[in-house]
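Keeping their order, the protein sequence lines are chains R and C.
Here the first sequence is numbered in this note's numbering, starting from 26 and rising by one per residue.
Here the second sequence is numbered in this note's numbering, starting from 26 and rising by one per residue.
To keep things clear, I will list the structure first and then write my remarks on it.
There are 2 protein chains.
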Amino acid sequence: MGRHREFDAEQVLDAALNVFWKKGYEGTSLDDLTRETGVARPGLYSVFGNKEALFLKALDSYEAKYMTFMQAALNEPTSYAVVAAILKGSFDLQTRNDVARGCLGVNGALACSDSAEPIRLELVRRRNASEQALCDRLERARQEGDLSEAADPAVLAKYVMTVSQGMAVQAKAGATKEHLEAVIKHVLATWPAARNK
Amino acid sequence: MGRHREFDAEQVLDAALNVFWKKGYEGTSLDDLTRETGVARPGLYSVFGNKEALFLKALDSYEAKYMTFMQAALNEPTSYAVVAAILKGSFDLQTRNDVARGCLGVNGALACSDSAEPIRLELVRRRNASEQALCDRLERARQEGDLSEAADPAVLAKYVMTVSQGMAVQAKAGATKEHLEAVIKHVLATWPAARNK
DNA sequence: AGTTTTTTATACTGATCGGTATCAAAAGGA
DNA sequence: TCCTTTTGATACCGATCAGTATAAAAAACT
């Protein structure tokens, strides 16, 4: 048996994640990754595969590590609490790190070259999955009388995701925490719940 | 006097604009630009300068050609009409072209490498300018009694821009026109105007 | 028609891209 | 202690990046 790996894969993945978070998939070079992780190319390739695989693993890690608020939010008892938790969770995520603001899923590849198109589509797929989960939850809320009968769960889900993604753009652009929190407060104040609690 | 230019600079700029719109600044290569414009590199460089200058000229053209709804919106008589016009104008712009959906200002450079950072900052600057203009307009609306006294123009302006930018992300990801229009309808239905008209 | 000026296409530049071959150093197990 | 195995850094690969030198082709003026 030979020597053991000197670096901790978890730690390296986390460093890579932060670079992708800040610069996006295409904006991040292998030189960036080796510099920030402290691991030379061959080490990265032997453990994670290629750049695309590394990004996808970082994305998985991102969801597992930072997106846990989503499931917790969906378990809240009322639609109001669900949306409040989602927006608060998005806010925390998008503003927690001063160098990597916004959302990895949005920063990663919004518009890109043809070669990065698979990455972009994967990110779209994941965002849609979140929206669908929220839509299902709001559907339930309406059945439970927790949303006005007139409310359309699909529209409200898209609205919440739109606000969350807009906040991601704003956060990346440097919006202050105070301003973003005020936006959330406004959204919640106008939430069409049967009872705001 | 020598020969005249064979291509129409306006036409070329428009073609370049559409490529940048679809793929973003960094996702667009000079090969993309020469292919889509039909003009070889030396022609592009002699007329527009380098890639960065070409993008900025395309951005100016974009504002002049497609963002005129913004000024018109600010001239609407009520805050409700202003916001309705901005969201409707954003919607039209973001969904007008099937190959270049979303907003050039957002697609252009949300997250990018260090070398494209000047472009990103310029886009942030322009978005902020729009937000400031809306903020000023809402401030006036409040003074005119067209917004509730409790409303904070700065917060509402950021809210509208957040929705608009979130819609840009959604449009780029392929959201249908119907869904986006429903989101706008919801935003307008919850607008805190003193009188909704 | 002849000359001059400008545009155009081809081909090239150095730098950087993602990805890999090579080989020495290091760390197991026997 | 010696041998095997794997890691690690260096250096390299072809491809592509933005940008430019060169020279032929085309058009306008005299």
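For every residue, glycine included, the Cβ atom is placed at its ideal position computed from N, Cα and C.
- Under DSSP, alanine 134 of chain C forms no beta bridge with any residue.
- The secondary-structure analysis by DSSP pairs alanine 41 of chain R with nothing; it has no beta-bridge partner.
- Between threonine 103 of chain C and alanine 196 of chain C, the C-beta spacing is not below 7 Å.
- Judged by DSSP secondary structure, histidine 204 of chain C falls within the alpha helix (DSSP H) whose first and last residues are 202-214.
- Rounded to whole angstroms, the gap between the alpha carbons of asparagine 75 of chain R and alanine 65 of chain R is 13 Å.
- Cβ-Cβ separation between alanine 110 of chain C and leucine 172 of chain C: approximately 16 Å, too far for a contact (criterion under 8 Å).
- For valine 124 of chain R, same chain residues with a beta-carbon under 6 Å away, outside a window of 5 residues either side, are Lys47 in chain order.
- In this structure threonine 187 of chain C touches valine 208 of chain R by the C-beta definition: roughly 6 Å separates them, less than 8 Å.
- Residues of the same chain with a CB within less than 6 Å of the CB of alanine 179 of chain R, apart from the 5 flanking positions on each side, are Cys160 in chain order.
- Taking 8 Å as the upper bound on Cβ-Cβ separation, chain C lies near residues Asp177, Ala179, Val180, Leu181, Lys183, Tyr184, Met186, Thr187, Val188, Ser189, Gln190, Gly191, Met192, Ala193, Val194, Gln195, Lys197, Ala198, Gly199, Ala200 of the region 171-200 of chain R.
- Using a 10 angstroms sphere on the CB of glutamate 203 of chain R, the tally of other CB atoms stays under 16, which defines it as exposed.
- Take cysteine 137 of chain C, set aside five residues on each side of it, and the residues of its chain with a beta-carbon closer than 6 Å to its own are Glu51, Arg145, in chain order.
- Scanning chain C for C-beta atoms nearer than 7 Å to the C-beta of arginine 152 of chain R yields Ala198, reported in chain order.
- Interface with chain C (7 Å Cβ-Cβ cutoff): glycine 52 of chain R is included.
- Contact annotation: glycine 133 of chain C and leucine 148 of chain C have beta-carbon atoms nearer than 7 Å.
- No Cβ-Cβ contact shorter than 7 Å links phenylalanine 94 of chain R with glycine 68 of chain R.
- Excluding five sequence positions before and after alanine 40 of chain C, the CB atoms of its chain that fall closer than 7 Å to its own CB belong to Glu61, Thr62, given in chain order.
- Distance between leucine 79 of chain R and leucine 163 of chain R, taken at the CA atoms: about 34 Å.
- Here alanine 78 of chain R carries a helix assignment [DSSP, helix/strand/coil].
- Excluding residues up to 5 positions away in sequence, Thr62, Val64 lie with their Cβ nearer than 6 Å to the Cβ of valine 37 of chain C in the same chain.
- A straight line joining the alpha-carbon of valine 194 of chain C with that of glutamate 101 of chain R spans about 27 Å.
- Straight-line spacing of the CA atoms in methionine 192 of chain R and methionine 92 of chain C works out to 22 Å.
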